[in-house]
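Input: a single structure, listed below in structure tokens.
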Amino acid sequence: MNGLHHAEFQSPIGIVEIVGTDDAIISILFSEKNTVDFPVDPGSPQVIVDCQQQLKEYFKGQRMEFDFPVTSTGTAFQQKVWAALTEVPYAETVSYGAIAKAIGSDKAVRAVGNANSKNKLTIVVPCHRIIGSTGKLTGYTGTLTRKEWLLRHEKEFAEHAQTLK
Numbered sequence: 274m275n276g277l278h279h280a281e282f283q284s285p286i287g288i289v290e291i292v293g294t295d296d297a298i299i300s301i302l303f304s305e306k307n308t309v310d311f312p313v314d315p316g317s318p319q320v321i322v323d324c325q326q327q328l329k330e331y332f333k334g335q336r337m338e339f340d341f342p343v344t345s346t347g348t349a350f351q352q353k354v355w356a357a358l359t360e361v362p363y364a365e366t367v368s369y370g371a372i373a374k375a376i377g378s379d380k381a382v383r384a385v386g387n388a389n390s391k392n393k394l395t396i397v398v399p400c401h402r403i404i405g406s407t408g409k410l411t412g413y414t415g416t417l418t419r420k421e422w423l424l425r426h427e428k429e430f431a432e433h434a435q436t437l438k
């Protein structure tokens with residue numbers, strides 16, 4: 274495996290930390306830090322540069338999908354959950370139960386929530402789009418305030434995109 278590269282940038286809802294190899298992004302997480310210590314620089318791998326650029330476009334409402342390479346490690350069950358998360362459309366939400374059903378494990382709602390919390394590819398693998406069965410925002414490792422912001426942001430820009438059609 275290639276060496277790991279780190280980069281950070283300031284988003285509207287906090288510092289985002291990106292970790293990747295020369296070939297793929299392995300982690301995108303919010304940080305509770307107050308300053309960017311590792312900005313993207315001329316020596317950063319292209320995948321890190323692309324990731325930051327696409328995330329910045331997402332935060333500006335200019336991007337709904339991502340196309341840089343990612344990789345994640347987890348159990349077979351976690352991988353199934355994360356794959357199902359990527360099927361949840363931009364600006365939409367589904368329940369943990371719906372994800373459990375989608376992966377053929379109807380009764381595994383809590384396990385889905387646990388797998389969701391282990392997702393290291395925030396926004397790109399959209400765990401923020403998963404809500405409780407009552408429609409209530411629940412559990413998000415990036416804080417519920419950020420989850421609410423991300424959902425509101427996506428809804429606003431999806432509605433804007435519809436008006437442009």
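Be aware that the sequence shown starts at 274, since it is given in the working numbering, and climbs by one per residue.
Just so you know, even glycine gets a beta-carbon here, dropped at the ideal spot from N, CA and C.
Buried or exposed (CB count within 10 angstroms, at least 16 for buried), residue i
i	result
residue 349	exposed
residue 280	buried
residue 402	buried
residue 409	exposed
residue 307	exposed
residue 274	Low confidence applies here, because residue 274 scores a pLDDT of 45, under 50, leaving its location unreliable and the question unanswered by this model.
residue 277	exposed
residue 419	buried
residue 373	buried
residue 293	buried
Bridge-paired residues (DSSP) for residue i
i	result
residue 302	290
residue 281	290
residue 368	404
residue 394	301
Three-state class that DSSP yields for residue i in the structure shown
i	result
residue 382	helix
residue 274	Confidence at residue 274 is low in this model, with a pLDDT of 45, below 50, so the placement of that residue is unreliable and no value is reported for it.
residue 376	coil
residue 322	helix
residue 345	coil
residue 406	coil
residue 354	helix
residue 336	coil
residue 311	coil
Residue nearest to residue i in terms of C-alpha spacing, selected from the options
i	options	result
residue 327	356, 286 and 396	396
residue 406	290, 370, 426 and 417	370
residue 399	431, 285, 382 and 364	364
residue 337	362, 356 and 385	362
residue 383	417, 354, 366 and 330	354
Cβ-Cβ distance between residue i and residue j below 7 Å
i	j	result
residue 304	residue 288	yes
residue 320	residue 341	yes
residue 325	residue 313	yes
residue 295	residue 318	yes
residue 404	residue 366	yes
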